[in-house]
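Undergrad:
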Amino acid sequence: MTNFFLVLVTLVALMWATPLRAYFRGLPWPHALVTFGFCYVILVGQFLGESRQTYPFTQWNMYCRREAQAPAKWLEIIGRTTTGETVRLDVNALQPALGHLRLRMRLNDLLLKEELQQPKVADDWLRVLAAWQEQASGQEFTQVTVERMEWTSAEEKPSRQLVRQIEVAP
Amino acid sequence: MTLFNAQAGERTLIGTRRAILAVGFIPLLTQPLGALSMAPVENFLPPGPLAWLPQSVISYLLQPSVSWLLTLVTALALALGIWQARGWGFILSSTLGAVGLLVHQAICRGYGHNNHAELGLLMLLLALPAYALADRWQQRRGKSLQAQDTLVALTFLFLLSYVLVGALRFSAGPGIFDPHNMWAWMVERTAEGSAGGFFTWESIGQQPTYAWLLAVGFPVVTLLELLAPLALVWKAYRYVFLVAMLGFHLGVVLFMRLVFVENMLLLLILLVDWAAIVDKFRTWRSRMASG
Numbered sequence: 572m573t574n575f576f577l578v579l580v581t582l583v584a585l586m587w588a589t590p591l592r593a594y595f596r597g598l599p600w601p602h603a604l605v606t607f608g609f610c611y612v613i614l615v616g617q618f619l620g621e622s623r624q625t626y627p628f629t630q631w632n633m634y635c636r637r638e639a640q641a642p643a644k645w646l647e648i649i650g651r652t653t654t655g656e657t658v659r660l661d662v663n664a665l666q667p668a669l670g671h672l673r674l675r676m677r678l679n680d681l682l683l684k685e686e687l688q689q690p691k692v693a694d695d696w697l698r699v700l701a702a703w704q705e706q707a708s709g710q711e712f713t714q715v716t717v718e719r720m721e722w723t724s725a726e727e728k729p730s731r732q733l734v735r736q737i738e739v740a741p
Numbered sequence: 057m058t059l060f061n062a063q064a065g066e067r068t069l070i071g072t073r074r075a076i077l078a079v080g081f082i083p084l085l086t087q088p089l090g091a092l093s094m095a096p097v098e099n100f101l102p103p104g105p106l107a108w109l110p111q112s113v114i115s116y117l118l119q120p121s122v123s124w125l126l127t128l129v130t131a132l133a134l135a136l137g138i139w140q141a142r143g144w145g146f147i148l149s150s151t152l153g154a155v156g157l158l159v160h161q162a163i164c165r166g167y168g169h170n171n172h173a174e175l176g177l178l179m180l181l182l183a184l185p186a187y188a189l190a191d192r193w194q195q196r197r198g199k200s201l202q203a204q205d206t207l208v209a210l211t212f213l214f215l216l217s218y219v220l221v222g223a224l225r226f227s228a229g230p231g232i233f234d235p236h237n238m239w240a241w242m243v244e245r246t247a248e249g250s251a252g253g254f255f256t257w258e259s260i261g262q263q264p265t266y267a268w269l270l271a272v273g274f275p276v277v278t279l280l281e282l283l284a285p286l287a288l289v290w291k292a293y294r295y296v297f298l299v300a301m302l303g304f305h306l307g308v309v310l311f312m313r314l315v316f317v318e319n320m321l322l323l324l325i326l327l328v329d330w331a332a333i334v335d336k337f338r339t340w341r342s343r344m345a346s347g
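As you go down the protein sequences, you meet chains A and B in turn.
For the first sequence, the working numbering begins at 572 and goes up steadily by one.
For the second sequence, the working numbering begins at 57 and goes up steadily by one.
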């Protein structure tokens, strides 16, 4: 509700600017129809908050939610090669189409929670990540490990907890 | 206070249309869908209009050959739109280009998080043919065309997305801007990798100064975002907003490897008076030529 009033108050206040008000008043009706049509769907996307359903008109929640004083939490995904070497699997770099944190956020949803969500789906993705890394570097992998990292403050040491380990066929 | 682009002519409108369509090539060419052939199809969650399609059509769309065809057709449509830039040719090709990129990005998002980086661009790509259609309607009614009718509206719609980000962030409460939360956020994002590997989560985490700088700058940037449409009527604000947002987007690239290149280019396209710059350059060149 605060979000709705903040948007409403901002837009109404902006219309106090005479040139902007005069522009909207003088807009020919076909252009006005397009403008208000787009404003409507943009605002519906924002206030409905169901971004997957309303794509491409989604809620603009970019860094808008965080528990107070929550520690930093993230996943480290590490592959072990046939030669025993360990390689960090960079989810964002392996597939640019799934970069921009797209796949990373999905993996966070599956693996970063206290209880493991949909283990089969998580394992499918970990195998695909190993295969993509194999394609990119030519290294063959035997194992993929996921660790949950947690860091409370700069004065303390970060903690590391094993959340998943799977064998992959080289 | 004067309205930005109030005196813009057809040349500016055509240039803006071409530039926005050209930005469409960035996600299309840098996010190849064909490489996703190994992704587990059963984990695909279709977003938006894709969810209305039957599963068989979605499975067909996810095939690598179809993905390549989609990319090719979209690229051709965008190129045709840039070339035509007016009339029915522009309306049809830019509509096809916008729909093609919408499906392309829906496929990228279907496997993961519905991120925001390309959404401002998609919105403008969908709006371009709609406004061109409105122009045709005006012409049929025997009315003269004003470039500002489209240019100001496009800029307003784009800036509206910044208003919505700002409003949502402020409505979340002051905790969002807490220095500890800034610190945790920077550590988490740097763990995903920073541009060129310049920073690591350890180096960022052990330097609370970065988080304090962000804690001071972030509310200011958010306030600038909330009031973004002021850039349309207040010249000084336009410059401040442009510099602050470009700086913010660059900082996000550097620390968090979250690239908002489309938004950066769209800000430059929509908020810089390119016609005046071109005119000044031409005057300078003719002066130089005449000695």
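C-beta atoms are modelled at their ideal positions from N, C-alpha and C, and glycine is treated no differently.
Measuring only between beta-carbons, confirm whether Ile613 (chain A) sits less than 8 angstroms from chain B.
TA: Yes, because at least one Cβ of chain B sits closer than 8 angstroms to the Cβ of Ile613 (chain A).
Undergrad: Return no unless some Cβ of chain A is closer than 8 angstroms to the Cβ of Gln119 (chain B).
TA: It does not: the Cβ of Gln119 (chain B) has no partner Cβ on chain A nearer than 8 angstroms.
Undergrad: In chain A, which residues lie with their C-beta within 8 angstroms of the C-beta of Trp193 (chain B)?
TA: Chain A residues near Trp193 (chain B): Pro601.
Undergrad: Please name the residues in the stretch 617 to 643 of chain A whose beta-carbon is closer than 9 angstroms to at least one beta-carbon of chain B, in chain order.
TA: Under the 9 angstroms Cβ criterion, the stretch 617 to 643 of chain A contributes Gln617, Ser622, Arg623, Gln624, Thr625, Tyr626, Pro627, Phe628, Thr629, Gln630, Trp631, Asn632, Met633, Tyr634, Cys635, Arg636, Arg637, Glu638, Ala639, Gln640, Ala641, Pro642, Ala643.
Undergrad: Taking the alpha-carbon positions, what's the Ile70 (chain B) to Gly143 (chain B) distance?
TA: Using only the alpha carbons, I get a separation of about 11 angstroms.
Undergrad: If the cut-off is 8 angstroms on Cβ atoms, which residues from the stretch 684 to 702 of chain A count as contacting chain B, listed in chain order?
TA: Cβ contacts with chain B come from Val692, Asp695, Trp696, Val699, Ala702.
Undergrad: Using a C-beta cutoff of 8 angstroms, does Arg675 (chain A) count as contacting chain B?
TA: Yes, Arg675 (chain A) counts as interfacial toward chain B.
Undergrad: Using DSSP bridges, identify the partner residues of Met57 (chain B).
TA: Met57 (chain B) pairs with nothing; no bridge assigned.
Undergrad: Do the CB positions of Asn170 (chain B) and Tyr634 (chain A) come within less than 8 angstroms of each other?
TA: Their beta carbons are not under 8 angstroms apart, which means Asn170 (chain B) does not touch Tyr634 (chain A) by this criterion.
Undergrad: Would you mind working out which of B:Val243, B:Phe274, B:Thr278, B:Glu281 sits nearest Pro264 (chain B), comparing C-alpha positions?
TA: Measuring from the Cα of Pro264 (chain B), the nearest candidate turns out to be B:Val243.
Undergrad: Which residues in chain A have a C-beta closer than 7 angstroms to the C-beta of Phe226 (chain B)? List them in chain order.
TA: Within chain A, the residues near Phe226 (chain B) are Leu577.
Undergrad: If the cut is a Cβ gap below 9 angstroms, which residues of chain B does Leu609 (chain A) touch?
TA: Before going further, note that residue 609 (chain A) is Phe rather than Leu in the sequence given. Simply Met179, Leu182, Ala183, Ala186, Ala209, Leu213, Leu216.
Undergrad: From Gln732 (chain A) to Met720 (chain A), what distance separates their C-alpha atoms?
TA: Each residue's alpha carbon lies about 7 angstroms from the other.
Undergrad: What are the boundary residues of the alpha helix (DSSP H) that includes Glu705 (chain A)?
TA: 690 to 708 is the span of the alpha helix (DSSP H), which, as asked, contains Glu705 (chain A).
Undergrad: Where does Thr628 (chain A) land, buried or exposed, given buried means 16+ other C-beta within 10 angstroms?
TA: Before going on, a small fix: residue 628 (chain A) reads as Phe here, not Thr. Phe628 (chain A) comes out buried.
Undergrad: For Ala247 (chain B), count neighbouring Cβ atoms within 10 angstroms of its own Cβ and tell me buried if that reaches 16, exposed if not.
TA: The residue in question, Ala247 (chain B), is buried, as its Cβ has 16 or more Cβ neighbours within 10 Å.
Undergrad: Quick one: what does DSSP say Arg245 (chain B) is sitting in, helix, strand or coil?
TA: Helix.
Undergrad: In terms of alpha-carbon separation, which member of A:Leu604, A:Thr606, A:Glu711 lies closest to Pro657 (chain A)?
TA: Looking at the sequence shown, residue 657 (chain A) is not Pro but Thr. The shortest Cα separation from Thr657 (chain A) among A:Leu604, A:Thr606, A:Glu711 belongs to A:Glu711.
Undergrad: Taking only beta carbons into account, state which residues of the stretch 91 to 105 of chain B come closer than 9 angstroms to chain A, listed in chain order.
TA: Listed by position along the chain: Ala91, Leu92, Met94, Ala95, Pro96, Glu98, Asn99, Leu101, Pro102, Pro103, Gly104, Pro105.
Undergrad: Kindly list, in the order they appear in chain B, the residues whose Cβ is closer than 9 angstroms to that of Thr573 (chain A).
TA: Going along chain B in sequence order, the residues near Thr573 (chain A) (Cβ under 9 angstroms) are Ala223, Phe226, Ser227, Ala228, Gly229.
Undergrad: DSSP three-state label for Val662 (chain A), please.
TA: Of the three classes helix, strand and coil, the one that applies to Val662 (chain A) here is helix, per DSSP.
Undergrad: List the residues of chain A that Ile232 (chain B) touches, going by C-beta distances under 9 angstroms, in chain order.
TA: Here the neighbours are Tyr634, Cys635, Arg636, Arg637.
Undergrad: Would the beta-carbon of His602 (chain A) fall within 8 angstroms of that of Ala173 (chain B)?
TA: The answer is no: Cβ separation not under 8 angstroms.
Undergrad: If I'm right that Thr211 (chain B) touches Asp191 (chain B) with Cβ under 8 angstroms, what's the distance once you round it to whole angstroms?
TA: Going by Cβ atoms, the distance from Thr211 (chain B) to Asp191 (chain B) rounds to 17 angstroms, so no, they are not a contact pair.
Undergrad: Give me the DSSP bridge partner(s) of Gly650 (chain A).
TA: Answer is A:Val658, A:Val715.
Undergrad: Is it true that the stretch 286 to 300 of chain B meets the stretch 584 to 592 of chain A, where meeting means three or more beta-carbon pairs spaced less than 8 angstroms apart?
TA: Touching, yes, given that three or more Cβ pairs across the two stretches are closer than 8 angstroms.
Undergrad: Judging by CA-CA distance, which residue of B:Ile163, B:Leu89, B:Ala154 is the nearest neighbour of Ala107 (chain B)?
TA: Closest option to Ala107 (chain B), Cα to Cα, is B:Ile163.
Undergrad: Starting from Gln736 (chain A), follow its DSSP beta bridges and name the residues at the other end.
TA: Note: Gln736 (chain A) sits in a beta bridge opposite A:Thr716.
Undergrad: Under three-state DSSP, which class holds Ala62 (chain B)?
TA: In this structure, Ala62 (chain B) counts as coil in the three-state DSSP scheme.
Undergrad: Once you ignore the five residues that flank Glu318 (chain B) on each side, which residues in its own chain have a CB closer than 8 angstroms to its CB?
TA: The answer, listed in chain order, is Val79, Ile82, Pro83, Ala173, Glu174, Gly176, Leu177.
Undergrad: Whose C-alpha, out of B:Phe304, B:Ile147, B:Ala131, is nearest the C-alpha of Ala271 (chain B)?
TA: Nearest of B:Phe304, B:Ile147, B:Ala131 to Ala271 (chain B), Cα basis: B:Phe304.
Undergrad: Please list, in chain order, the residues of the stretch 723 to 735 of chain A that have any C-beta partner in chain B closer than 8 angstroms.
TA: So the list reads Ser724, Ala725, Pro729, given in the order they occur along the chain.
Undergrad: For a quick check, are the C-beta atoms of Arg245 (chain B) and Phe311 (chain B) less than 8 angstroms apart?
TA: It is a contact, given that the beta carbons lie within the stated cut-off.
Undergrad: Which residues in the same chain as Ala209 (chain B) place their Cβ atom closer than 7 angstroms to its Cβ, once the five residues preceding and following it in sequence are excluded?
TA: If we look at Ala209 (chain B) and ignore the five residues flanking it on each side, its Cβ neighbours are Tyr187.
Undergrad: Hey, how far is the Cα of Val734 (chain A) from the Cα of Gln689 (chain A)?
TA: Approximately 13 angstroms between the Cα atoms of the pair.
Undergrad: Going by the CB atoms, is the gap between Ala223 (chain B) and Ala64 (chain B) shorter than 8 angstroms?
TA: Cβ distance not < 8 angstroms, so Ala64 (chain B) and Ala223 (chain B) don't count as in contact.
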